[in-house]
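Once you know that position 269 of the sequence shown is 278 in the numbering used here, the rest is easy, because the numbers rise by one and skip nothing.
We put the beta carbon where it would ideally sit given N, CA and C, even for glycine.
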Amino acid sequence: MQQAAVNPISDRISLISVSSTMKVASDAEKLRSEGVDVVDFGAGEPDFPTPENIKQAAIRALDQNFTKYTAAGGTAELKKAVCERHAADFGTDYKPSECLITVGGKHVIFNLIQALINPGDEVVIPVPYWVTYKDVVNYAGGKCVFVDTDEAAGFTLTAAMIEPHLNARTKLVIINSPSNPSGAVLDREEFEKIFKLTSSRGIYMMTDECYCKFLYDSEPFSIASLPGAKDTVLVAGSLSKTYAMTGWRIGFGLVPQAIVGAMTKLQSHSTSNPTSISQKAAVEALRGPQDSVKVMLAEYHKRRDFVVQRLRAIPGVQCAEPRGAFYAYPNLGVLIGKNGIDNTLILSERLLQESHVAVVPGEAFGTDKHVRISYATSMTELERGLERIHQFVVKNA
Ligand SMILES: Cc1ncc(COP(=O)(O)O)c(C=O)c1O
Numbered sequence: 010m011q012q013a014a015v016n017p018i019s020d021r022i023s024l025i026s027v028s029s030t031m032k033v034a035s036d037a038e039k040l041r042s043e044g045v046d047v048v049d050f051g052a053g054e055p056d057f058p059t060p061e062n063i064k065q066a067a068i069r070a071l072d073q074n075f076t077k078y079t080a081a082g083g084t085a086e087l088k089k090a091v092c093e094r095h096a097a098d099f100g101t102d103y104k105p106s107e108c109l110i111t112v113g114g115k116h117v118i119f120n121l122i123q124a125l126i127n128p129g130d131e132v133v134i135p136v137p138y139w140v141t142y143k144d145v146v147n148y149a150g151g152k153c154v155f156v157d158t159d160e161a162a163g164f165t166l167t168a169a170m171i172e173p174h175l176n177a178r179t180k181l182v183i184i185n186s187p188s189n190p191s192g193a194v195l196d197r198e199e200f201e202k203i204f205k206l207t208s209s210r211g212i213y214m215m216t217d218e219c220y221c222k223f224l225y226d227s228e229p230f231s232i233a234s235l236p237g238a239k240d241t242v243l244v245a246g247s248l249s250k251t252y253a254m255t256g257w258r259i260g261f262g263l264v265p266q267a268i269v270g271a272m273t274k275l276q277s278h279s280t281s282n283p284t285s286i287s288q289k290a291a292v293e294a295l296r297g298p299q300d301s302v303k304v305m306l307a308e309y310h311k312r313r314d315f316v317v318q319r320l321r322a323i324p325g326v327q328c329a330e331p332r333g334a335f336y337a338y339p340n341l342g343v344l345i346g347k348n349g350i351d352n353t354l355i356l357s358e359r360l361l362q363e364s365h366v367a368v369v370p371g372e373a374f375g376t377d378k379h380v381r382i383s384y385a386t387s388m389t390e391l392e393r394g395l396e397r398i399h400q401f402v403v404k405n406a
């Protein structure tokens, strides 16, 4: 008879938890499959289709049998297109040798942190944070150092908030502007001050530019464009949101050549290359017309205004104004402690089961009174879902 392994799961895997955003999606999907009319504010992905020119490029790749392995770190053509796009948008001067193509933005962040962080290294992460940072740092054996931001000022981050947390063990500071989940945008002046703090101490700064094109009141900017930035600034990019390409799985890193080498080594033993067809589509996304990005931004802007105004109309609810991305992060503290709603995990579960609205609990992002609402969905769904949230709050507060 065969013996079952005593501890089937490695200690390493127990350092990470299930992504809450994925859990919400599966809970909502389960209800939907039972025939329930669920309004889904959980999904962090554009509701727009991938633009036609990008799809056509993928069809051409198939027709031309571009369906084999490519170099593990991506094709030379795509690396060049990434560098050229970044240069055109932000005035940077990366070379293809400083670029790595990955299987989505999450993959570049995972590989970067595994390539960089030793056990005990400290990584500074502003709160609220995107779920994945914490888990990938834990997985690498690093120590997360969380920094609070100012909710009253729209979850603003300043250099003064970061500075007290930097010490000899700090290896990396993670900046995500615009932020998932709050939509906060780091002002250029503060960004530069944080860069001075980190670069002068030889600390790396990872700038997650996943939402860099979705800004409502400021111009796109990359900290990597500052003179001397390329030594310590690590750009994590993704085509997922910018070009409505979440399913295609293309991300990229713009980092010093030695780090490209380390990340490529890791990638060569795990995923190997990102899908060849997606890489061809990504070249078209980056080199082709950019109008679709503007169209999406205009639509998100309209929805942002509606969502914030509608949330603020709910008694007891506050909502900081998101200045970018496509999330609102309202404070529903008015419900915590009422009617058995002890935390936002219970709140989100009750909202889903009783009012059939899916949101992501703030606990996933490091705060205890908020939920994340994705407004990458139609106005009709926003109207329906926000009315349900309104009724839920009135009933339970
Ligand atoms: C802040 C942030 N960074 C990176 C990503 C990664 O995106 P993807 O792996 O879909 O390219 C996401 C996705 O939600 C995100 O919100």
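What is the rounded straight-line gap between the Cα of residue i and the Cα of residue j?
i      : j      : result
Met254 : Met305 : 13 Å
Pro331 : Ile183 : 19 Å
Arg397 : Leu224 : 28 Å
Ala168 : Lys202 : 6 Å
Glu131 : Phe75  : 42 Å
Leu24  : Val369 : 21 Å
Met272 : Leu320 : 42 Å
Phe200 : Ser42  : 45 Å
Val302 : Ser28  : 28 Å
Lys311 : Ala14  : 55 Å
Cys219 : Ser191 : 14 Å
Leu361 : Asn340 : 17 Å
Pro137 : Phe374 : 5 Å
Gln288 : Ala124 : 23 Å
Arg258 : Ala291 : 10 Å
Ile355 : Gln400 : 17 Å
Ala44  : Leu275 : At residue 44 the sequence reads Gly, which differs from the Ala that was named. Approximately 43 Å between the Cα atoms of the pair.
Ser231 : Lys88  : 18 Å
Tyr148 : Val366 : 32 Å
Val380 : Lys404 : 18 Å
Thr141 : Ile68  : 32 Å
Glu160 : Ala96  : 33 Å
Ala34  : Pro236 : 42 Å
Terminal residues of the continuous beta strand (DSSP E) containing residue i?
i      : result
Gly270 : Gly270 -> not in any beta strand (DSSP E); alpha helix (DSSP H) instead, spanning Gln266 to Ser277.
Met215 : Tyr213 to Asp217
Lys180 : Thr179 to Asn185
What is the residue span of the alpha helix (DSSP H) that residue i lies within?
i      : result
Ala329 : Counting along the chain, Ala329 falls outside any alpha helix (DSSP H), and DSSP gives it neither H nor E.
Ser285 : Ser285 to Arg296
Val316 : Asp300 to Arg321
Asn176 : Where Asn176 is concerned, there is no enclosing alpha helix (DSSP H), given that its DSSP letter is neither H nor E.
Glu201 : Arg197 to Ser209
Glu61  : Glu61 to Asp72
Arg359 : Thr353 to Ser364
Give a single yes or no on whether residue i has its beta carbon closer than 6 Å to a heavy atom of ligand 1.
i      : result
Glu255 : Residue 255 is actually Thr in this sequence, not Glu. Yes; taking the cut-off as 6 Å, the Cβ of Thr255 has a heavy atom of ligand 1 nearer than that.
Gly192 : no
Leu143 : Note on identity: in this sequence residue 143 is Lys, with Leu being the wrong assignment. Not so, every heavy atom of ligand 1 lies at least 6 Å from the Cβ.
Asn74  : no
Ser19  : no
Gly371 : no
Asn189 : yes
Ser287 : no
Thr115 : A small fix is needed here, since residue 115 is Lys in this sequence, not Thr. Indeed, a heavy atom of ligand 1 lies less than 6 Å from the Cβ.
Asp36  : no
Cys219 : yes
Asn185 : yes
Gly394 : no
Gly53  : yes
Gly83  : no
Ser249 : yes
Gly260 : yes
### Message
I'd like the ranges of any beta strand (DSSP E) spanning at least 3 consecutive residues and lying wholly in the segment 372 to 402.
### Response
380 to 383
### Query
Taking only runs of the beta strand (DSSP E) that begin and end inside the segment 88 to 152, which ones reach a length of at least 3 residues, in chain order?
108 to 111 and 131 to 136
### Query
Between the segment 240 to 251 and the segment 195 to 214, do three or more beta carbon pairs fall short of 8 Å?
yes
### Query
Counting pairs of beta carbons, one from the segment 345 to 354 and one from the segment 318 to 328, are three or more of them closer than 8 Å?
no
### Query
Going along the chain, which unbroken runs of the beta strand (DSSP E) with 3 or more residues stay wholly within the segment 232 to 268?
242 to 247 and 260 to 263
### Query
For the 8 Å Cβ check, are there 3 or more pairs between the segment 30 to 49 and the segment 158 to 172?
no
### Query
Touching or not, the segment 290 to 301 and the segment 273 to 282, by the rule of three or more beta carbon pairs under 8 Å?
no
### Query
Are three or more beta carbon pairs between the segment 62 to 79 and the segment 380 to 392 nearer than 8 Å?
no
### Query
So, do the segment 94 to 102 and the segment 154 to 161 have three or more beta carbon pairs nearer to each other than 8 Å?
no
### Task
Pair every Cβ in the segment 255 to 266 with every Cβ in the segment 78 to 92, then say whether three or more of these pairs are closer than 8 Å.
yes
### Message
Report the start-end ranges of each alpha helix (DSSP H) in the segment 18 to 63 that is 4 residues or longer and not cut off at the edges.
### Response
As far as the segment 18 to 63 is concerned, its whole alpha helix (DSSP H) runs of at least 4 residues are 29 to 42.
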